[in-house]
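Peer 1: Quick one: the structure is below, and I'll ask about it shortly.
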Amino acid sequence: MTKRPVRGAVDADAAEELVRLASVLCQTDTRLDELTSHEIDSVLDEHGHVFLLRHAQTHLRKNEAAKQAAIINALPAHIALLDAQGLIVSVNEGWRRFAGASMLHNPGWGVGLDYLRICDEASVADAPAGHAIGAGIRAVLSGKEKLFSIEYACLSGREQRWFLLTVTPLVLDRPLGAVVMHIDITGRRVSQQNLFDSESRFRQMAETIDDVFFLSDASGTLMIYVSPAFERVWGRTRESLYADPQSWIRSAHPEDRPDVARRWGDVGHAGFDHEFRIVRADDQVRWIHLRAYPLLNEKGVAYRIAAVATDITPRKVATRKLRESERRFSDLLRDVHLASVMLDVHGTITFCNDYFLRLTGWEAGQVIGQNWFERFIPWQYNGDKNAFSRHLAKQLESWQRENQIVTRSGERRRMRWSNSLLRSEEGELIGSASIGEDITDQHAAELKIRHLNRVYAVSSGIGGLILRGLDRDELFREACRVAVEAGGFRMAWIGMIDAEGTRIVPVASAAMSEEHLQEITMRLRKAEGLWLGETPAARAIRERRPIVTNDLQSNTTTTSGHRYRRYGIGSVATFPIIVDDAAIGMLSFYADETDYFHEEEMKLLGDLSAEIAFAVDHIGKAQKLNYLAYYDSLTGLANRALFLERVAQYVRSAIDSGHRLAVWLIDIERFKNVNDMLGQAAGDALLRQVGKWLTRSAGDVHLLARVGPDLFAVVLPVIRESGDLDRLIEKNLDDFTGHSFQINNSVLRLAAKVGCSKFPDDGVDANVLLRHAEVALKKAKIRGERYLWYRPQMSEKLSAHLMLESQLRLALERNEFVLHYQPKVDLSHRMLTGAEALIRWNHPRRGLVAPSEFIPVLEETGLIHQVGAWALQRAMKDFRRWRDSGLRAVPISVNVSFIQLRRRSFVEEVAQLVGSGLNAADGLELEITESVMMSSVMQTIDTLRAVRGLGVKIAIDDFGTGFSSLNYLSRLPVDILKIDRSFVNDMTTGPQGIAVVTTIIALAKSLRLKLVAEGVETEEQARLLTEHGCDEMQGFLFSRDLPVDLFEAKFLCDEAPA
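Using our numbering, read the sequence shown as starting at 21 and increasing by one per residue.
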């Protein structure tokens, strides 16, 4: 920042303030100990300024520098304290900010510097002011001066700011140094310059206008300024008014002078707005209109009087002559049954005859002096005022015009006017004279005939359109066009209720500006209150009857009435379009005239809307039949037939151009679970959302189809490298699984699998490509892959998968499934505490089949529900048998699938299993994986709470592999956490592995949950788990899973180890 000191005059008030601040500084310094010893919070000077000293005793006694800093920081200025040699010994926060230094990096900025040397060594540009400042400081330090001050400019970047620097001595019983203070006076300097500029502009304006401008003191006895126009209007010199400020009052006409003097005497309070006469020095009389008002200071007190005087003599003369002309005109038309009106050039009524007053219901005193266009002309005829001004400007001697006038009662009368110009004796234009004939009845009869002819034309034209068999949109467009072109309506539009049945959407219009159509659309979107809103369109649909507004200007029941003024619309009629006794849309006609729609017109237009409704019904049914043949009624997407047609077209294009294409078949995983758990309505809603998501992802709805209950197909018309396609599939699958679908109060995340085929590699026919994509999809589901491209060998493997699915169904019927039990033991004593039931398939030829081979197929086909229910029943039978036969009956843990948990009958099924007696519920624990719990948290909490209420314990299986949060975990009604075997295996591989397990154990302990470690295979793992407080374990270290008879013999008999 470059500082440029400039010597200048010092503001006396500012200097006095700085002296006062320095005085307070010295006084405060000497009295600090005395004041703060009594815990006084603040010190006030004689003007009420507060210097904060709260708890100063504690902070300021540390050292002298801290004491001085606390004092000067309270002062509203940029301050530095100099010692007797001119060294800076202390600065306040304001000084640091003023200097542009960072308090954080250099908290003592400037302290210790020789300020006199800084001033003496100022740059060439700053040297004069710098030397002056240095000399001033020395004078104060030596005692020669009590005060030194200077104004200087500081250039900060592009902004120039002004400061006032003041130096005062710091003296107690001996000279100590000086106080240097800076105050920002930029605002004052700017205000002074603005005042100077304002006065210059004012003087230029006042000296160029024709009116006379006065400026006097508040009493009106001292004339400060008078503009040159005074000499032209008053015929006297300005010097004479300066010399005798009251002379303008004495120049008033003797009859007007007392009133002028009285009003001027009160101008400081009431202002002045008065017309009066003056007598010039040449004895000429002029009319003056003088307006005066007081100028107030910031305290609301008048300190100046401003006045403007206008010479209105020409207007007064013209008015007098007009009155004389009106009297003569009135005498001529007193007994004529025609309306007679005279206006001045501004449209002010100067005369009207008795017939006009009787016609309108007014009295002369209520009309004369009023503006004709504001009092009598409706808004539809706003152009009359502009036409009147044009005729006067062109000085057409006569013209005719028809319009409506509004009477005192609000009735409108149609008038035919003959108009002519009025001139003064000197030929000056002073207004117009008009003779009007009331043609209201005649005009109404003619209008009635024209209206009916227009409606007949519309009915005939639209009837022809219906016979032409147009589609719905074209019929609507043409109907609106005919209404405007043949019917002469100002505009017309048709709106239909949207698919949700909550809004009206404009679908066709004619002669309607884009602005107006947008305005209607936005108003319909924002409609609040009753169903669809309170617009005429909404009421017509809701009430299923025509809604008419025959005077949009004055009607208050329609919120849009006042907006139609700028569109030149007087009335509107809206008719519902009713199909099958339900209003599906509406048709609106807008007319220029008010009071357009009457009984005959309404009947014809009502019949017309009924004909349109019949045509719409016929078109709709035909379109629906055609739609259902090619589109899915639930999602609105193409169905299988239309998709195959489109793929066939793309194949032909690919053959012609030599490029390749791809077909994807997308399966929504576990969609059946949504239907089972949430109901079909929720499933349908989910499918619609999925369809919309896929449409946005594909970018073109024509590339997409729904080809099965939970199957969607996509065609990619042009493909290049397979690697690009793989990345595209991966990205879309990631986006899909990451998207949240909202169904009622549930948030669902879905997964999908994709089967893919390519042209020409996998087929040259649309049916073949889709069939091979289905084969690839089934293979992907079998292998657990997210997506697979078709390969010829897949067909063979698919046959094997279908065979396995068939065998599983037979296995369920033939009771080939068995339960094996793996013991759970207490880690500390190795005592048996329970068993986990594991489903095994005992194939008649293959023996025991690996669970990894058949469990995924059970889940994919939904058979897991029946097999899971069987496992629950089998486990409870075994438990009861152990208990009843005197064996050691330990609780049995049974895994529950997502499909079982989401069934509405699940709680009831468990209740029937455990029964009501002999504490059977103590023998059952349900294991649910963490990911299943978190798939629909709120519903899971409700279900598990009900199950737990039956006495059944709940365990979270594979904890740590899902996505649960502490918030939800603390709310879940569970009793047991099972540590996943992957974490147990990692315990002995490094510190990170053991850290994960100890964290899980600590979490379970804080929630008071029992801990079971799965997959324990070594003594080292068992030892670590025991040391860190795990309760139980299961795994090959103690025993693998066993058939029920071996489990009983080994663990449950009396001679079995405990």
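In this text, a Cβ means the ideal position worked out from N, Cα and C, and glycines have one as well.
These numbers come from a predicted model, not from an experiment.
#1: Give the straight-line distance between the Cα atoms of R208 and L167, rounded to the nearest whole angstrom.
#2: Following the continuous beta strand (DSSP E) through W437, name the residue where it begins and the one where it ends.
#3: Output the distance between the C-alpha atoms of R434 and E613, rounded to the nearest integer angstrom.
#4: Can you round the beta-carbon distance between D904 and V1064 to whole angstroms, since I take them to be within the 8 Å contact cut?
#5: As a quick exercise: from E945, L944 and I961, pick the residue whose alpha carbon is nearest that of V952.
#6: Is DSSP giving S608 helix, strand or coil here?
#7: For I425, name the three-state secondary structure that DSSP assigns.
#8: Can you give the beta carbon distance from G854 to E945, rounded, assuming they're within the 8 Å contact cut?
#9: Report yes if the C-beta distance between L970 and A931 is below 8 Å; otherwise report no.
#10: Work out the CA separation of G588 and E631 for me, nearest whole Å.
#11: Can you tell me which of the three DSSP states I597 falls into?
#12: Quick one, which of R660, L828, S418 and E448 has its alpha-carbon nearest W437's?
#13: Touch check for the stretch 1047-1055 and the stretch 1027-1039: three-plus C-beta pairs under 8 Å?
#14: Measure the Cβ-Cβ separation of F874 and L830 and say whether it is below 8 Å.
#15: Check the C-beta distance from V704 over to Y841 and give it rounded, since I have them as a contact under 8 Å.
#16: Output the residue ranges of the alpha helix (DSSP H) runs that lie fully inside the stretch 135-201 and measure 4 residues or longer, sorted by chain position.
#17: Let's test the definition: count the other Cβ atoms within 10 Å of the Cβ of Y323 and tell me whether it reaches 16, buried, or not, exposed.
#18: Since V734 sits in a beta bridge, which residues does DSSP pair it with?
#19: Enumerate, from N- to C-terminal direction, the unbroken beta strand (DSSP E) stretches of 3 or more residues contained entirely within the stretch 1014-1072.
#20: To the nearest angstrom, how far is the alpha carbon of G114 from that of N317?
#21: Have a look at A97 and S211 and give me their C-alpha separation to the nearest angstrom.
#22: Quick one, which of R564, P566, R565 and R543 has its alpha-carbon nearest T1087's?
#23: Excluding the 5 residues preceding and the 5 following M896 in the sequence, name in chain order all residues of the same chain whose CB lies nearer than 6 Å to its CB.
#24: Could you spell out where the beta strand (DSSP E) holding S777 opens and where it closes?
#25: Got a sec, what are the start and stop residues for the alpha helix (DSSP H) W254 sits in?
#26: Are L161 and Y172 closer than 8 Å when you measure CB to CB?
#27: Please find out if some non-hydrogen atom of the ligand GDP comes closer than 7 Å to the beta-carbon of I999.
#28: For a test of the three-state rule: what should DSSP assign to K319, helix, strand or coil?
#29: Rounded to whole angstroms, what's the CA-CA distance from I802 to D518? Just pull it up for me.
#30: Just list the beta strand (DSSP E) runs in the stretch 279-311, keeping only unbroken ones of 3 residues or longer that don't cross its boundaries, in chain order.
#31: How many Å lie between T1018 and H1048 at the Cα?
#32: Indicate the three-state DSSP secondary structure (helix, strand or coil) for E620 in the structure shown.
#33: Per DSSP, what kind of secondary structure is G590 in: helix, strand or coil?
#34: Note down the Cα distance separating T257 from R297, rounded to an integer number of angstroms.
#35: To which residues does DSSP link I996 through a beta bridge?
#36: Ordered along the chain, which non-local residues of its own chain (more than five positions away) have a Cβ less than 8 Å from that of F408?
Peer 2: Result, derived from the coordinates:
#1: Numbered from 1 along the sequence shown, position 188 holds the residue referred to as residue 208. Numbered from 1 along the sequence shown, position 147 holds the residue referred to as residue 167. Taking the straight line from one Cα to the other gives about 22 Å.
#2: Along the sequence shown, one-based indexing puts residue 437 at 417. For W437, the enclosing beta strand (DSSP E) stretches over residues R432 to R443.
#3: As a first step, residue 434 is located in the sequence shown; it is residue number 414 there, counting from the start. As a first step, residue 613 is located in the sequence shown; it is residue number 593 there, counting from the start. Going by the C-alpha atoms only, they are around 12 Å apart.
#4: Numbered from its first residue, the sequence shown carries residue 904 at position 884. Numbered from its first residue, the sequence shown carries residue 1064 at position 1044. Not quite, the Cβ-Cβ distance comes to about 15 Å (not below 8 Å), so this is no contact.
#5: Residue numbering aside, residue 952 sits at position 932 when the sequence shown is read from its first letter. When only C-alpha atoms are compared, the closest one is I961.
#6: Numbered from 1 along the sequence shown, position 588 holds the residue referred to as residue 608. DSSP places S608 in strand when its eight states are reduced to three.
#7: Along the sequence shown, read from residue 1 onward, the residue named residue 425 stands at position 405. Shown here, I425 sits in a strand according to DSSP, grouped into three states.
#8: Position 834 of the sequence shown, counted from the first residue, corresponds to residue 854. Position 925 of the sequence shown, counted from the first residue, corresponds to residue 945. Indeed they touch by this definition, with Cβ atoms about 7 Å apart.
#9: Indexing the sequence shown from 1 puts residue 970 at position 950. Indexing the sequence shown from 1 puts residue 931 at position 911. Going by C-beta atoms, L970 is nearer than 8 Å to A931.
#10: The residue labelled residue 631 in the question sits at position 611 within the sequence shown. The residue labelled residue 588 in the question sits at position 568 within the sequence shown. Near 29 Å, if we compare the C-alpha coordinates of G588 and E631.
#11: If you number the sequence shown from 1, residue 597 lands on position 577. Strand.
#12: One-based indexing of the sequence shown puts residue 437 at position 417. Of the candidates R660, L828, S418 and E448, the one whose C-alpha sits nearest the C-alpha of W437 is S418.
#13: The stretch 1047-1055 vs the stretch 1027-1039: in contact.
#14: Indexing the sequence shown from 1 puts residue 874 at position 854. Indexing the sequence shown from 1 puts residue 830 at position 810. Result no, Cβ atoms of F874 and L830 do not sit closer than 8 Å.
#15: In the sequence shown, the residue the question calls residue 704 occupies position 684. In the sequence shown, the residue the question calls residue 841 occupies position 821. Val is not the amino acid found at residue 704; the sequence shown has Asp there. Actually they are not in contact, since the Cβ atoms of D704 and Y841 sit about 43 Å apart, beyond 8 Å.
#16: DSSP runs (the alpha helix (DSSP H)) wholly in the stretch 135-201: 135-140 and 147-162.
#17: Residue 323 sits at position 303 when you count from the first residue of the sequence shown. Classification for Y323: exposed.
#18: Residue 734 sits at position 714 when you count from the first residue of the sequence shown. V734 is bridged to W684 and L724.
#19: Within the stretch 1014-1072, the complete beta strand (DSSP E) runs of at least 3 residues are 1030-1033.
#20: Against the sequence shown, residue 114 aligns to sequence position 94. Against the sequence shown, residue 317 aligns to sequence position 297. Approximately 32 Å between the Cα atoms of the pair.
#21: Here residue 97 refers to the residue found at position 77 when the sequence shown is read from its first residue. Here residue 211 refers to the residue found at position 191 when the sequence shown is read from its first residue. One C-alpha to the other measures close to 20 Å.
#22: The requested residue 1087 is not part of the displayed model; the chain covers only 21 to 1078.
#23: As a position in the sequence shown, residue 896 is number 876, starting the count at 1. These residues qualify, in order along the chain: L933.
#24: The residue given as residue 777 occupies position 757 in the sequence shown. Where S777 is concerned, the enclosing beta strand (DSSP E) starts and stops at A772 to F779.
#25: Locating residue 254 in the sequence shown gives position 234, where the first residue counts as 1. Counting along the chain, the alpha helix (DSSP H) containing W254 begins and ends at A249 to W254.
#26: For the purposes of this step, residue 161 is identified with residue 141 of the sequence shown, where counting begins at 1. For the purposes of this step, residue 172 is identified with residue 152 of the sequence shown, where counting begins at 1. No; because the gap between Cβ atoms is not below 8 Å, this pair is not in contact.
#27: Of the ligands one can find in the structure shown there are none, so the ligand GDP has no counterpart to examine.
#28: To locate residue 319, count along the sequence shown from 1; it is residue 299. In this structure, K319 counts as coil in the three-state DSSP scheme.
#29: On the sequence shown, residue 802 is found 782 positions in, with the first residue counted as 1. On the sequence shown, residue 518 is found 498 positions in, with the first residue counted as 1. Each residue's CA atom was taken as its position, placing I802 and D518 some 43 Å apart.
#30: Along the length of the stretch 279-311, whole beta strand (DSSP E) runs at least 3 residues long occupy 292-299, reported in chain order.
#31: Position 998 of the sequence shown, counted from the start, is the residue given in the question as residue 1018. Position 1028 of the sequence shown, counted from the start, is the residue given in the question as residue 1048. Cα to Cα, T1018 sits roughly 7 Å from H1048.
#32: Here residue 620 refers to the residue found at position 600 when the sequence shown is read from its first residue. Three-state result, E620: helix.
#33: Start at 1 with the first residue of the sequence shown, and residue 590 comes out as number 570. Here G590 sits in coil by DSSP.
#34: Position 237 of the sequence shown holds residue 257. Position 277 of the sequence shown holds residue 297. Going by the C-alpha atoms only, they are around 19 Å apart.
#35: Position 976 of the sequence shown holds residue 996. A975 and K1030, per the DSSP bridge assignment.
#36: Translated into positions along the sequence shown, residue 408 becomes position 388. These residues qualify, in order along the chain: L363, G367, F393 and S452.
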